[in-house]
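Step one of this worksheet: look at the structure below.
2 protein chains.
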Amino acid sequence: MAKSPMADAATENALRALETAIAHDIHAGLLLPGTWLKQIDLQERYGRSRGDVRRALDKLVAQRLVQQVHNSGYRVRPLDPKQLDELRQVRLILEGAAAETMLGRADAATLARLRNLAEGFSLAVEHRSILDQHEANQAFHAALLELCPNAELVRLVRETRLRLPSALLTQWHERGWVEESARHHHAMVDALEANDREAFCAVVRAHIRPSSRELAFKLSRAWAPIVD
Amino acid sequence: MAKSPMADAATENALRALETAIAHDIHAGLLLPGTWLKQIDLQERYGRSRGDVRRALDKLVAQRLVQQVHNSGYRVRPLDPKQLDELRQVRLILEGAAAETMLGRADAATLARLRNLAEGFSLAVEHRSILDQHEANQAFHAALLELCPNAELVRLVRETRLRLPSALLTQWHERGWVEESARHHHAMVDALEANDREAFCAVVRAHIRPSSRELAFKLSRAWAPIVD
DNA sequence: GGAGCCTAAATTGGTACCAATTTTGGAGTC
DNA sequence: GACTCCAAAATTGGTACCAATTTAGGCTCC
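Keeping their order, the protein sequence lines are chains A and B. The numbering used here puts the first sequence at residues 1 to 228. The numbering used here puts the second sequence at residues 229 to 456.
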């Protein structure tokens, strides 16, 4: 019988789906940093076999979103303040560099789509739940990243963003931050449309800027330091 | 009985060791891009159980050094020219940013050590095998990276470097390249000692500069494109 | 009443086995 | 002689089982 790409894609997607499902729940704040991820619980929660759960957890360990302790299992990785600050710096480096590559690459249709997504986030900020805001924000940034021609850079940006518990961060930030983020999004599209490199990069950097030091402290002081 | 950190470290190191052993053989050119990594072969070659081999290969897949094809197994990931060029750009971004953070951080002892390693590479270039040159080069850059205070950035730089088949690259480059690399190393230490930011960053960038386009073509044309 | 120890349950991690799929080798046919 | 088809061997990937370790609960002793 001939090869069956359908089945291949199905199993591959199934495994990837579990991986992203767990990651999503971590980002949504359902699984807090420090939580122990018992294999039996995950197996029931997501309706998968234990082997699948183990493989997915191993992937998440490789992504540094989850930590494995021998004979104790997997836990959501608690980030210490130093690490959060370092990741913020890495985001500045990577997303700043990615921004440089995006100018002059957006056609009218793309600009319209980005405007739509920016407006979607603005609306979510006003009327919807924090989770919806999170989704809208991710949608905008995903669309923005598609402008970057360097696929490897895009992958690194995505992975780095995935390592920060964004849902928790926005939730705990000062009130004005989400509104400012919405303004940033519109400013980014404006700068892209005007092909203004300086302005665009400045906004991208400002978008990452907020210091998460005191926040990181709140997030981390309850858990033991990481020793890997 | 009390916890046994020794045993933990042992098993952990054992797994990591296998992972790095395979990665090393890939970089050394013993396992060429496109080679199928049969689990039985690896199991015999490194004297490990099949489970260990599978876990190590999964790690390498996560590092994008190895590719997994369902029902066909694992193969050394063939890089296409576009990807090599993109990785070169990412190296410029990351190592350039890392260089910015290194200035004013090297004390006399560290400078002496770096000089020693730079000289070690120069000697290897003149008198030793390509494999030794590769080792000496890695030793110098590992020591240099220790100057960067951002651990996350250091990790990214290491991972990105590990994704380029350096042994093959240096082997096939034009004759003068290794000698120029050796000069670069000395120039880096000089700039660090003089605390000359401009010069240091310029050398770091020049060290990555060589275009690998025609080389990438040679490396990749024999194998099918990557479709993940 | 509280601390310490010991037993039992639960959880993890590794190994062995088995089914599914691909590949290899050979026989038969055009 | 070359191509096709079929069967056997080999390899992969998943599942189930089992040992090792940790954790929880209860009992005893101080």
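For glycine and all other residues, C-beta sits at the position ideal for the given N, C-alpha and C.
Residue of the options minimising C-alpha distance to residue i
i: A:Thr20; options: A:Arg55, A:Lys38, A:Asp41; result: A:Arg55
i: A:Ala143; options: A:Leu162, A:Ala118, A:Pro165; result: A:Ala118
i: B:Tyr274; options: B:Val289, B:Val353, B:Arg244; result: B:Arg244
i: A:Val154; options: A:Asp85, A:Leu111, A:Asn116, A:Ala97; result: A:Ala97
i: B:Asp253; options: B:Met416, B:Ser394, B:Arg343; result: B:Ser394
i: A:Val203; options: A:Glu100, A:Lys82, A:Ala109; result: A:Glu100
i: A:Leu79; options: A:Thr110, A:Asn71, A:Gln133, A:Leu32; result: A:Leu32
i: B:Gly262; options: B:Ala256, B:Arg303, B:Ala251; result: B:Arg303
i: A:Glu44; options: A:Thr160, A:Leu18, A:Arg209; result: A:Leu18
i: B:His255; options: B:Ala340, B:His355, B:Gln366; result: B:Gln366
i: A:Ala151; options: B:Trp264, B:Asn299, B:Gly301, B:Lys310; result: B:Lys310
i: B:Gly257; options: B:Ala337, B:Arg425, B:His298, B:His362; result: B:His362
i: A:Asn71; options: A:Ala108, A:Trp36, A:Phe140, A:Leu111; result: A:Trp36
i: A:Val125; options: A:Arg197, A:Ala108, A:Glu86, A:Gly176; result: A:Gly176
i: A:His141; options: A:Ser129, A:His186, A:Val69; result: A:His186
i: A:Arg113; options: A:His127, A:Leu57, A:Cys201, A:Leu145; result: A:Leu145
i: B:Gln317; options: A:Cys201, A:Arg197, A:Pro149, A:Glu180; result: A:Pro149
i: B:Arg425; options: B:Ser357, B:Glu408, B:Ala334, B:His355; result: B:Ala334
Inter-residue CB distance, residue i and residue j (contact presumed, cutoff 8 Å)
i: B:Asn423; j: B:Gly332; result: 6 Å
i: B:Leu375; j: B:Met416; result: So it is not a contact: roughly 10 Å between Cβ atoms.
i: A:Ala206; j: A:His184; result: 7 Å
i: B:Thr388; j: B:Leu315; result: 6 Å
CB contact flag (residue i, residue j, <9 Å)
i: B:Phe349; j: B:Ala419; result: no
i: A:Val53; j: A:Leu42; result: yes
i: A:Glu95; j: A:Val157; result: yes
i: A:Arg91; j: A:Leu164; result: yes
i: A:Lys59; j: B:Ala290; result: yes
i: A:Leu162; j: A:Ala23; result: yes
i: B:Glu421; j: B:Leu339; result: yes
i: A:Ile93; j: B:Ile321; result: yes
i: A:Leu123; j: A:Ala109; result: no
Span of the alpha helix (DSSP H), counted from its first residue to its last, around residue i
i: B:Gly275; result: No alpha helix (DSSP H) holds B:Gly275; DSSP gives it neither H nor E.
Endpoints, the beta strand (DSSP E) within which residue i is located
i: A:Gly73; result: 73-76
i: A:Gln67; result: 66-69
Would you list, in sequence order, the uninterrupted beta strand (DSSP E) runs of no fewer than 3 residues that lie entirely inside the stretch 377-424 of chain B?
Listed in chain order, the beta strand (DSSP E) runs fully inside the stretch 377-424 of chain B amount to none, counting runs of at least 3 residues.
Starting from the N-terminal side, write out each stretch of the alpha helix (DSSP H) that is 4 residues or longer and does not extend beyond the stretch 331-361 of chain B.
As far as the stretch 331-361 of chain B is concerned, its whole alpha helix (DSSP H) runs of at least 4 residues are 336-355.
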